[in-house]
Amino acid sequence: MVEHTYDCVVVGSGHAGSCAALSAVEAGCKRVLIVEKGPKEWVGGNGYFTAGAHRTVHGGLQDLLPLVQNATPETASTIDMDPYTADDFTRDIMRLGDGRSDLALVKAVVDGSRDAIGWLASHVKVPFIFSFNRQAYLVNGRQKFWGGMVLSIEDGGKGLIAAHQRALEYAGVDVWFDTPAVNLLHDGEGVTGIEVLREGQPMRIYTPAVVLACGGFEASQQLREQHLGEDWIRAKVRGTPYNTGDGLTLAKSIGAKLYGDFAGCHSTCWDFNTLSDRGDRLLSNQFTKSGYPLGIMVNARGRRFVDEGADFRNYTYAKFGRAILGQPGGFAFQVWDARVLEWLRKEEYGDEVVEKLWAGSAEELADALVLKGLEDRDTFLKTLRTYTTAAHTFREEYPETRWDPAVKDGLSTQSTRASLALPKSNWALPIDQPPLLAVKVTCGITFTFGGLAIDPSTASVISEQSGKTIKGLFCTGELVGGLFYGNYPGGSGLTAGAVFGRAAGREVARLAKEIAACP
Numbered sequence: 282m283v284e285h286t287y288d289c290v291v292v293g294s295g296h297a298g299s300c301a302a303l304s305a306v307e308a309g310c311k312r313v314l315i316v317e318k319g320p321k322e323w324v325g326g327n328g329y330f331t332a333g334a335h336r337t338v339h340g341g342l343q344d345l346l347p348l349v350q351n352a353t354p355e356t357a358s359t360i361d362m363d364p365y366t367a368d369d370f371t372r373d374i375m376r377l378g379d380g381r382s383d384l385a386l387v388k389a390v391v392d393g394s395r396d397a398i399g400w401l402a403s404h405v406k407v408p409f410i411f412s413f414n415r416q417a418y419l420v421n422g423r424q425k426f427w428g429g430m431v432l433s434i435e436d437g438g439k440g441l442i443a444a445h446q447r448a449l450e451y452a453g454v455d456v457w458f459d460t461p462a463v464n465l466l467h468d469g470e471g472v473t474g475i476e477v478l479r480e481g482q483p484m485r486i487y488t489p490a491v492v493l494a495c496g497g498f499e500a501s502q503q504l505r506e507q508h509l510g511e512d513w514i515r516a517k518v519r520g521t522p523y524n525t526g527d528g529l530t531l532a533k534s535i536g537a538k539l540y541g542d543f544a545g546c547h548s549t550c551w552d553f554n555t556l557s558d559r560g561d562r563l564l565s566n567q568f569t570k571s572g573y574p575l576g577i578m579v580n581a582r583g584r585r586f587v588d589e590g591a592d593f594r595n596y597t598y599a600k601f602g603r604a605i606l607g608q609p610g611g612f613a614f615q616v617w618d619a620r621v622l623e624w625l626r627k628e629e630y631g632d633e634v635v636e637k638l639w640a641g642s643a644e645e646l647a648d649a650l651v652l653k654g655l656e657d658r659d660t661f662l663k664t665l666r667t668y669t670t671a672a673h674t675f676r677e678e679y680p681e682t683r684w685d686p687a688v689k690d691g692l693s694t695q696s697t698r699a700s701l702a703l704p705k706s707n708w709a710l711p712i713d714q715p716p717l718l719a720v721k722v723t724c725g726i727t728f729t730f731g732g733l734a735i736d737p738s739t740a741s742v743i744s745e746q747s748g749k750t751i752k753g754l755f756c757t758g759e760l761v762g763g764l765f766y767g768n769y770p771g772g773s774g775l776t777a778g779a780v781f782g783r784a785a786g787r788e789v790a791r792l793a794k795e796i797a798a799c800p
């Protein structure tokens, strides 16, 4: 069997794994290897398919201006951006996870977020930008950021992974594609290496440290059904098809502790007319359909099933995919009228991206939706009529309340004269001004929440039997368990991958030096 020796082996070529590899080199490792199960054209894991959003603690506009590439002094003078504190970030993760998130993990992410962003900008040369088109609305000539998240990356996930690839090459990190990891080598005290398949042949790589950064199990139909439920067989995979739970299998084989919400995942509104088992490398995140707060969503029976205005989009989008999957047929229709069409993101709702169903009246739209799977035309018309009446009534009763998509405006369907059993709590405009527009959406699964237990300060994997860390085994990225439960605040996943990836890299280097110093 062919054998190699490295200071560190990272499993997975995505954002978190790349951060771990670069951090290890920065901390002193001389020979670092990334092994990637997929081919080179699938480099980047799920990070490639993101919008590049990073949530971080920050002190406001002046704190972040030095990091971004799209804010001239003139542009900056038009920006309204509140600081986002550690308490804000912590509170968002905890409230969306119903208080179940591991506080030590949350603290590590929150406290390390701003430093990680600075490191990505300076060390990796990630081209950060303010997310004007995604996290801000132009209201009365001011760019108003909302939802606590303000940073994205030029060209989204594609730009993020391109920056990592340049940095890895410059740092001298080896990357092997088409190389699945199949076995961890362990001597009873700790990891001694890893076995992989390269060109179909088994190969052993001896190393004092392995970092697992190969994602969750969202691309495995079998594991989705096992952990999430039978409905999840029909969920569409938003990203890489290679995240099939390999990291869990490898870690369990040497006694690692499983941890977190194995029944939970990040799932969002996704274009119905997409591939089921993988994302599209060209359009990637453009298949997200995040415009529902501006309108309503109805199921195949013509009924609403969520409060579309319950919160800002980046606090609800990661759970609404599950809600859609639970509807008859596992799909829904998003519906708007002429009042808000200019506010829909062109990246997601452009003519070349999504199939649009236009109509001059509610009846005409109902006929169009019947051809696309609507089962109850009359109920749909009743839903639209009842919702619109409630929205009009609220505006008549509270004329001082103004529609403002950049704040939770309180414009709802609940007044003293008309109230819906399922409210729309904010941004509730009537839907009666032609043309009307609808698109068909389904559930797109992004990543799973259940994973491995780690030490928050070192990203070392914890043993199920001893409760102590397994020497030489580390974990970062979507494979970390215990951080998110049920839902998550948008942009915190990439940030967590960077925080724990950097921690793993530093600890890997310390371990390598310790071993090298031994006689």
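So for the sequence shown, this note's numbering puts the first residue at 282; every next one is plus one.
Glycine included, every Cβ here is placed at the ideal spot set by N, Cα and C.
Since we're looking at a predicted model, the values are computed, not measured.
By DSSP's criteria, residue i is part of a beta bridge. Which residues make up the other side?
i    : result
Q424 : I360 and L419
T569 : W551
N464 : E476
G732 : Y540
Q714 : Per DSSP, none; premise fails for Q714.
H339 : Y365
K517 : G725
M578 : Q615
Y487 : T286 and G474
I315 : V291 and V456
I743 : T750
F755 : V492 and S741
A305 : DSSP output for A305 lists no bridge partner at all.
I434 : F409
W639 : L718
Excluding the five sequence neighbours on either side, which residues of its own chain have a C-beta within less than 6 Å of the C-beta of residue i, listed in chain order?
i    : result
D542 : F730, G731 and Y766
K600 : N768
A785 : A301, V492, A740, F755 and T757
L717 : D618, A640 and L646
R505 : W513
R620 : L710 and Q714
Q695 : P704
T669 : P711, I712 and D713
H467 : I535
I believe residue i touches residue j by the beta-carbon criterion, under 8 Å. Please report the beta-carbon distance rounded to the nearest angstrom.
i    : j    : result
I577 : K705 : 7 Å
P609 : R594 : In fact, because the Cβ distance is near 24 Å, the residues do not count as touching under 8 Å.
A734 : G778 : Their Cβ separation, rounded to whole angstroms, is 17 Å, which puts A734 and G778 out of contact at 8 Å.
D685 : V420 : 6 Å
G607 : R515 : 11 Å between Cβ atoms; not a contact.
G340 : K517 : The Cβ separation is near 39 Å, so there is no contact.
L701 : G583 : Not quite, the Cβ-Cβ distance comes to about 15 Å (not below 8 Å), so this is no contact.
A389 : V780 : 6 Å
V463 : E480 : That belief does not hold up - the Cβ atoms of V463 and E480 are roughly 14 Å apart, past 8 Å.
Can you list, in chain order, the residues of its chain whose CB lies under 8 Å from that of residue i, leaving out five sequence neighbours each side?
i    : result
R783 : C300, A301, S304, G393, A397 and W400
Q275 : As shown, the chain starts at 282 and ends at 800. That puts residue 275 outside it, with no answer to give.
V616 : G576, I577, M578, V579, L646, L665, I712, L717, L718 and A719
G422 : T359
The ligand PLP heavy atoms versus the CB of residue i: any closer than 8 Å?
i    : result
T776 : As for the ligand PLP, it is missing from this structure, which has no ligand bound.
Spell out whether any CB of chain D is found under 9 Å from the CB atom of residue i.
i    : result
R666 : Checking the listed chains, one finds no chain D in this structure; it contains a single protein chain.
Taking the CB atoms as reference points, tell me whether residue i and residue j lie closer together than 9 Å.
i    : j    : result
L465 : L529 : no
V456 : E317 : yes
G496 : E759 : yes
G328 : H445 : yes
K538 : G748 : yes
E499 : C546 : yes
N566 : E628 : yes
G469 : P489 : no
A591 : G295 : no
S773 : G536 : no
Within a Cβ cutoff of 7 Å, which residues of the same chain sit near residue i, ignoring the five residues on either side of it in sequence?
i    : result
G691 : T682 and N707
L650 : F614, L638, F661 and A719
R698 : T674 and E678
D459 : P320
M362 : G341, L342, F426 and V431
Assign residue i to buried or exposed, taking buried as 16 or more other Cβ atoms, counted over all protein chains shown, within 10 Å of its Cβ.
i    : result
P737 : buried
Y451 : exposed
P364 : exposed
Q343 : exposed
R336 : buried
R447 : exposed
P483 : exposed
T353 : exposed
Q416 : buried
A385 : exposed
A367 : exposed
I486 : buried
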